[in-house]
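Notes follow once the structure below has been shown.
Protein chains in written order, with our numbering: chain A, 35 to 202; chain B, 732 to 1132.
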């Protein structure tokens, strides 16, 4: 193992909550967020032996895995269901007390709006507010740091418009 | 809107986003559930939460209807455990006398019957509360037959006891939990909801929980191994490996027990089943609300411990109480039959009975009380089920209904 590579357990303890929040902002339901977060860390654990710190920070590496897992999740059709529910204004089932507890989260509505943004805007917001630098966001999204900043700014404005529409 | 207003509004949204991402976290148990999964390196199920929820309900408040599938195989005895007689710390003797002396009670053999006052009666979820002397209650179990049943006693119960010990403990505080953790070399990391504390050691995470009232579950500790916890390098079977692990962490049971090994799944479970010694009877198992014997459990994935759990060691006070006779216990068990007029009701042949101990939570102090556990088989719908009937052993006069 590389000398400067943290123990996987440390990585897990440090980032699990942030990865969950990132995923949660993407998928819009706690149950799906747990599934995807589980997959992220299973994948990360399997791949950790190949992780090299000279190529990426642990955060960027983990969020790349998280982003891929989220995309896989959407490809599996979950997003279609979520959109359908949104359009039809069906309440999403909360299966257990944990789900009910989550109702208490103050900013749930805001994250739901983030989840409805176009994919790249959603990613820019979620990655940035998960603690990544614009350089890391750009790297993950395949663009420059400046382009990541612009994308993020556009996403903020789109979010504001969504809030205005909701309030109108 | 002016450009300044525009900018302020965007900044406000940014602040809200910052707060939203900072405060959005999974439910408290998810972190440890997933960590267990990662360690086992098995494919995550599509609904990871579903697969683990029964176990974690058990940790927080043992489930009313226990799951029987994967989660149960994974960690049945996590939500239960054993109260050691020797108090906090490790390596002390298990003699009840020492526990009594610390509590300022009379020495062994000098107990006054019923000196804890009237005891609370065991209550089992889904079963009618005992309202008449000797009335029984049914223990709940996943494979237990839950429908109405005729009960027939075909065995032999030859117990000649007039009194049996009742054990009492004071509800542990976070200070006691901290002391336990400290003795293990673990450092406090926080006090998550539902737990007395969460602690970190070099190669594992420790969580400690107090008594759960319903369904009854003892104060317990849970050790989640870290990735740097090395596989056990020792020859032998699962019990040998578990013994080595417990010895390495000074967690060996200080009480009487037998060992059960469940190798039917991964992880393999090694359960140290606690027994209380009853003068004139012998060892009596402590059972949970499912009628399962419990104590300390070590879960092994290969030769690597992934989880260990047991009841937080606490000092026990002891007092002798009058108990009902075997004949009364049998009558009480059979008396819980469904009305005999219904011909469709199956008959359960109860052919085994033993004295056991059950936890009775009661606020600041809780009790381990003796009971008679009757076991048998019943055929219903072409399937064979187990039937358990539990009859409180303490004389009803000395119990609150």
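C-beta: ideal position from N, C-alpha, C; glycine also.
Item                                                                                                                                                                : Value
Under 9 Å, do residue 1008 of chain B and residue 1089 of chain B count as touching if we go by C-beta distance?                                                    : no
Strictly by DSSP, which residues pair up with residue 1030 of chain B?                                                                                              : B:1000 and B:1038
Helix or strand or just coil, what does DSSP make of residue 1085 of chain B?                                                                                       : strand
Could you pull the start and end residues of the alpha helix (DSSP H) that residue 46 of chain A belongs to?                                                        : 42-61
Strictly under 9 Å for the Cβ-Cβ distance: is residue 72 of chain A near chain B by that measure?                                                                   : yes
Got a sec: is the Cβ-Cβ distance from residue 1035 of chain B to anything in chain A below 9 Å?                                                                     : no
Can you tell me which of the three DSSP states residue 171 of chain A falls into?                                                                                   : helix
For chain B, find out if any of its Cβ atoms is closer than 9 Å to the Cβ of residue 61 of chain A; answer yes or no.                                               : no
On the three-state DSSP scale, how would you describe residue 1025 of chain B?                                                                                      : coil
Got a sec: which bits of the region 163-191 of chain A sit with their beta carbon under 9 Å from any beta carbon on chain B, in order along the chain?              : 163, 164, 165, 187, 190 and 191
Smallest Cα separation from residue 1079 of chain B: which of B:1066, B:895 and B:1085?                                                                             : B:1066
Cα separation between residue 79 of chain A and residue 763 of chain B?                                                                                             : 15 Å
Please return the same chain residues whose Cβ sits closer than 7 Å to the Cβ of residue 1061 of chain B, not counting the five positions on each side in sequence. : 884 and 888
Give me the Cα-Cα distance between residue 89 of chain A and residue 900 of chain B, rounded to the nearest whole angstrom.                                         : 56 Å
Helix, strand or coil, according to DSSP, for residue 78 of chain A in the structure here?                                                                          : helix
Under the three-state reduction of DSSP, which class applies to residue 95 of chain A: helix, strand or coil?                                                       : helix
How is the alpha helix (DSSP H) around residue 163 of chain A delimited, first residue to last?                                                                     : 153-163
Here's the rule: buried if 16 or more other CB atoms are within 10 angstroms of the residue's CB, otherwise exposed. What is residue 38 of chain A?                 : exposed
Let me know the secondary structure DSSP gives residue 102 of chain A once reduced to three states.                                                                 : helix
Is it buried or exposed for residue 143 of chain A, if we count other Cβ within 10 angstroms and need 16 for buried?                                                : exposed
Does DSSP put residue 1049 of chain B in a helix, in a strand, or in coil?                                                                                          : strand
Please identify, using Cβ separations under 7 Å, the residues of the region 741-766 of chain B that lie next to chain A, in order along the chain.                  : 741, 744, 745, 747, 748, 749, 750, 751, 752, 754, 755, 756, 757, 758, 761, 762, 765 and 766
Kindly identify the DSSP beta-bridge partner or partners of residue 884 of chain B.                                                                                 : B:1081
I want to know whether the region 1120-1130 of chain B touches the region 1050-1057 of chain B - three or more CB-CB distances under 8 Å.                           : yes
Between the Cα of residue 164 of chain A and those of A:40, A:44 and A:56, spot the shortest distance and give me the residue it belongs to.                        : A:56
Taking DSSP as the reference, what is the three-state secondary structure of residue 1020 of chain B?                                                               : coil
Starting from residue 975 of chain B, trace the beta strand (DSSP E) in both directions and tell me its first and last residue.                                     : Not the beta strand (DSSP E): residue 975 of chain B falls in the alpha helix (DSSP H), residues 969-979.
Please decide whether residue 793 of chain B counts as near chain A, where near means a Cβ-Cβ distance under 9 Å.                                                   : The predicted model places residue 793 of chain B with a pLDDT of 37, which falls under 50 and marks its position as unreliable; any figure quoted below should be read in that light. Answer no: the Cβ-Cβ gap between residue 793 of chain B and chain A never drops below 9 Å.
Given a limit of 7 Å on CB to CB distance, which residues of the region 957-970 of chain B reach chain A?                                                           : 957, 958 and 959
Out of B:912, B:963, B:1016 and B:1106, which has the shortest C-alpha to C-alpha gap to residue 1037 of chain B?                                                   : B:963
By Cβ distance, which residues of its chain are closer than 8 Å to residue 902 of chain B, with the 5 residues on each side in sequence left out?                   : 941, 942, 950, 1094, 1095, 1096 and 1097
By the criterion of Cβ-Cβ separation under 7 Å, what are the contact partners of residue 101 of chain A in chain B?                                                 : Those do not exist, as residue 101 of chain A stays about 15 Å from chain B at its closest Cβ, beyond 7 Å.
Between the alpha carbons of residue 1021 of chain B and residue 1032 of chain B, how many angstroms are there, rounded?                                            : 25 Å
According to the Cβ coordinates, are residue 880 of chain B and residue 1068 of chain B closer than 9 Å?                                                            : yes
How far does the alpha helix (DSSP H) with residue 1100 of chain B in it extend, from its first residue to its last?                                                : Premise fails: residue 1100 of chain B lies in the beta strand (DSSP E), 1096-1111, not in any alpha helix (DSSP H).
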